[in-house]
Amino acid sequence: MNKFAQLAADITKLWTKYGTAYLSGIENTLILALVGTVIGCLIGFVCGILNTIPRRPNDHPLKKFILSLIRVIIRIYVEVFRGTPMVLQAVFLFYGLPYFTDNAVKFTSVWAAAIVVVSINTGAYMAESVRGGIISVDPGQTEGAMAIGMTHVQTMTSVILPQALRNIMPQIGNNFIINVKDTSVMFIIGFPDFFAAHRATVGASYLYFPSATVEMVGYLTMTLIASFLLRWVEKKMDGSGNYELVQEDQLTMTAGTYRHPDRGTPFDERSKEYENSEKEAE
Amino acid sequence: MADQILQINHLSKSFGSHEVLKDIDFTVSQGDVISIIGASGSGKSTLLRCINLLETPTSGEILYHGKNVLQRGTNPAEYRAHVGMVFQSFNLFNNMSVLENCLVGQIKVLKRDKTEARDHAMHYLDKVGMTPYINARPRQISGGQKQRVAIARAMAMDPEVLLFDEPTSALDPEMVGEVLTVMKNLAESGMTMLVVTHEMAFARDVSKRVVYMNGGVICEQGSPEELFKNPRKQETIDFLSRFRG
C-alpha cells in the first residue's frame with residue numbers, strides 16, 4: 001500500500017510540474033494520429049479504387065497496360081511500407097533525404113515529416129482494406145448501377161464506396177487507434193508527441209516509473225474514447241432501424257392474409273388451380 | 283421499320299469453350315411485350331444480359347435504332363440509360379432509401395433537377411404502390427416490395443425498353459402476384475418489355491410474342507396462342523407439357 005501512496009504522490013508532483021507538457025503532447029499525438037489516418041484513408045481509397053478498375057477483354061491494349069502498371073506500382077508500395085517499421089521509414093525520410101541530396105531536399109518541419117510518414121503508412125494498410133471493402137459489396141449493386149446508365153466513377157462514388165466505407169469502418173478505427181499509439185516512435189525525428197513529453201519529463205525529474213504510469217493511463221484513455229466515438233459513428237452510419245409509413249400499401253401480402261387477391265386470376269402462381277377454376281367456370 | 287428499337291443479328295456468346303448463345307437473330311419493336319421462356323441454362327438470361335451489355339457478346343451485332351452498340355467508341359453507359367433492366371435479385375442500392383434509389387439515376391445520369399426527379403420518381407412509386415415506403419431502406423422491405431421499387435427505379439429513367447431477368451424467381455409464392463400485377467399494368471400502358479420468365483400464365487396472357495429458347499438458340503417464337511395451343515417443334519411440346527403436368 002505504501003508503494004501506491006508513493007506512486008500517487010510522485011504522479012501528483014509530476015503533473016503539477018509538467019502537466020502542460022503532457023497535455024500538449026496529448027494534443028500533438030491526437031492531431032498527428034487524426035490527420036495521418038484521414039490522409040492515409042484517402043490514399044487507401046485512391047489505391048483501392050485504382051486496383052478495382054475492371055479490365056475487359058476488348059479494352060484498348062494501352063488501357064490494359066496502364067491498368068496493369070498501376071496495379072504493380074500499388075503492390076510495391078503496399079509491400080514496402082507494410083513490410084518495414086515506421087521508425088525506420090521516419091529516419092529514412094527525415095535524415096535520408098538531406099543525406100542523398102546534399103541538403104537540397106529536406107523537411108523543414110518535423111510536423112510535415114511525421115504526417116507524411118504516418119499517412120503513407122496508414123495508406124499502405126488501408127489500400128488492402130479498401131480493396132477488400134469494395135470486393136465485399138455485392139456485385140449486384142454494380143450491375144444495378146450500370147443498368148441505369150451510371151459510369152464506373154458514378155457507380156463507385158454513389159453506390160459502392162459508401163457501402164465499402166461502412167464495411168471498413170472497423171478497419172479505419174483500428175488504424176486510428178494504432179496510430180495514436182504508434183506515433184510514439186516519432187520521437188526519433190524529434191516530434192513533440194505524448195511519448196516525447198515522457199522522455200523530456202524523465203530527463204528532468206528521474207521519476208521514470210511514475211511518468212510511464214501517466215503515459216499508460218493517458219494512452220488508454222485516448223484509445224478508449226476513440227473506440228467509443230467510432231462505435232457511435234458506425235451506429236449513425238447504419239441509420240435508423242425504423243421508418244415511417246406514409247400510407248397503406250394495397251398490393252403487399254402480410255402474414256395471416258387469408259386469400260391472395262390474385263387467386264383465380266391469370267397471375268395466380270399456382271396456375272393449376274387457375275386452370276381448374278377455369279374448367280369449373282365452363 | 284421506323285419503330286424498331288433493337289435488332290440483334292447473329293449474336294453469339296461463349297464462356298470459355300462453352301457456347302451459351304448460338305447465332306441469335308431477334309428484333310424488338312416499339313410496344314412489344316415479349317416473353318422469353320425455356321429451361322434453365324438455355325441462355326435466356328445471358329441473352330438479356332448481352333442486350334444490356336452486362337456481358338460482352340463474342341460475336342454478332344446489336345443495333346439500337348440502327349446503330350451497332352458493340353462497336354468500339356459507343357458509350358455503354360449512355361446506351362444502358364435507354365434500356366432499363368430489372369434483376370432477379372432486385373439489386374436495389376442498400377445505402378439509399380426507396381426514394382433515393384429512384385432519384386440517383388435521374389440526377390446523376392439524366393442530370394434532372396431534384397424537384398423534377400422527385401415528381402417523376404413519386405409518379406412511378408405510386409404506380410407500383412410503394413409511396414408509403416419512400417423512407418424505408420431496402421433491407422426493411424419484403425422481396426415483392428423490393429422488386430416493385432426496382433421496377434419504379436428502372437421506369438423513372440424513361441427507358442425505351444425494359445428488360446426483366448426472371449423478376450419473380452427469387453420471391454416467395456405469395457409475393458409473385460403483386461409483382462406480376464405491376465408488370466401487367468406496365469404492359470397495358472404500352473411499355474416495350476422483354477421478360478425472361480418461368481411464369482407461364484404471364485407469358486400466355488400478357489405478352490404479345492413468346493420466344494422459346496433451347497440450348498442457346500431460339501427454337502420457336504410466335505404469338506402466345508400459336509405457341510401454347512399449337513407448338514410446332516417437338517422440344518417446345520415437351521417443355522410446355524412439363525408445365526401443364
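Just so you know, the protein sequences line up as chains A and B, in that order.
The opening position of the first sequence corresponds to residue 1 in this note's numbering, with each subsequent residue numbered one higher.
The opening position of the second sequence corresponds to residue 283 in this note's numbering, with each subsequent residue numbered one higher.
Glycine included, every Cβ here is placed at the ideal spot set by N, Cα and C.
Any heavy atom of the ligand MG inside 8 Å of the beta-carbon of residue i?
i, result
"Q6(A)", "What this structure holds is no ligand at all, so the ligand MG is not there to describe."
Would you tell me roughly how many angstroms separate the C-alpha atoms of residue i and residue j, rounded to the nearest one?
i, j, result
"M216(A)", "N179(A)", "15 Å"
"L220(A)", "A226(A)", "10 Å"
"D520(B)", "N496(B)", "11 Å"
"P61(A)", "S68(A)", "11 Å"
"A485(B)", "A434(B)", "21 Å"
"A212(A)", "I39(A)", "30 Å"
"V159(A)", "I148(A)", "12 Å"
"Y18(A)", "T201(A)", "7 Å"
"T463(B)", "T328(B)", "25 Å"
"L509(B)", "Q503(B)", "7 Å"
"Y258(A)", "M412(B)", "Because Y258(A) sits at a pLDDT of 48, beneath the cut-off of 50, its placement in the model cannot be relied upon, and the following sentence gives the value as read from the coordinates. So the two alpha carbons sit approximately 22 Å from each other."
"E517(B)", "C501(B)", "8 Å"
"F209(A)", "T12(A)", "13 Å"
"R166(A)", "R362(B)", "28 Å"
"N417(B)", "M378(B)", "9 Å"
"R400(B)", "Q289(B)", "33 Å"
"T37(A)", "E27(A)", "15 Å"
"V214(A)", "F100(A)", "40 Å"
Name the chain A residues whose beta carbon is nearer than 8 Å to that of residue i?
i, result
"L374(B)", "G144"
"E360(B)", "G149"
"M404(B)", "Result: empty, since nearest Cβ-Cβ is about 10 Å, beyond 8 Å."
Let's see if you can read the secondary structure: which residues bound the alpha helix (DSSP H) around residue i?
i, result
"E502(B)", "E502(B) -> not in any alpha helix (DSSP H); beta strand (DSSP E) instead, spanning 499-504."
"F369(B)", "Segment: none, F369(B) is in no alpha helix (DSSP H) and carries neither H nor E."
"S119(A)", "110-135"
"S227(A)", "208-238"
"S327(B)", "326-333"
"N28(A)", "2-51"
"L165(A)", "161-182"
"I433(B)", "425-437"
"A200(A)", "194-205"
"P139(A)", "139-147"
"Y361(B)", "358-362"
"E456(B)", "455-470"
"L97(A)", "97-100"
"E398(B)", "396-409"
Could you please give me the residues that DSSP links to residue i through a beta bridge?
i, result
"V477(B)", "S317(B), F446(B)"
"E343(B)", "N291(B)"
"S322(B)", "Note: S322(B) sits in no beta bridge, so no partner."
"S68(A)", "S68(A) is not bridged to any residue."
"S296(B)", "E301(B)"
"N350(B)", "L345(B)"
"Q532(B)", "Beyond the ends of chain B as shown, which are 283 and 527, falls residue 532(B); an answer cannot be given."
How is the beta strand (DSSP E) around residue i delimited, first residue to last?
i, result
"G375(B)", "A small correction: the amino acid at residue 375(B) is Phe; Gly does not occupy that position in the sequence shown. Counting along the chain, F375(B) falls outside any beta strand (DSSP E), and DSSP gives it neither H nor E."
"M495(B)", "491-496"
"F308(B)", "300-311"
For residue i, return the contacting residues in chain A, with the cut-off set at a CB-CB distance below 7 Å.
i, result
"S371(B)", "G140"
"N334(B)", "A147"
"K390(B)", "M150, Q154, S158"
Which bits of chain B does residue i rub up against, with CB to CB less than 8 Å?
i, result
"Q171(A)", "The premise fails here: Q171(A) is roughly 18 Å from chain B at the closest Cβ pair, so nothing lies under 8 Å."
"P162(A)", "N377"
"G239(A)", "R419"
Original post:
Using 8 Å as the threshold, is the region 39-47 of chain A in touch with the region 112-132 of chain A, meaning 3 or more CB pairs across them?
Top reply: yes
Subject >> Three-pair Cβ contact test at 8 Å for the region 300-316 of chain B versus the region 480-496 of chain B >> reply: yes
Original post:
Given 8 Å as the limit, is there contact between the region 87-95 of chain A and the region 109-127 of chain A, that is, 3 or more CB pairs closer than that?
Top reply: yes
Original post:
Can we say the region 383-397 of chain B touches the region 433-453 of chain B, given the rule of at least three CB pairs closer than 8 Å?
Top reply: yes
Original post:
Would you call the region 445-460 of chain B and the region 327-345 of chain B in contact, with 3 or more CB pairs under 8 Å?
Top reply: yes
**OP:** Say whether the region 142-156 of chain A touches the region 175-194 of chain A, bearing in mind that this needs 3 or more beta-carbon pairs closer than 8 Å, one atom from each stretch.
**Re:** no
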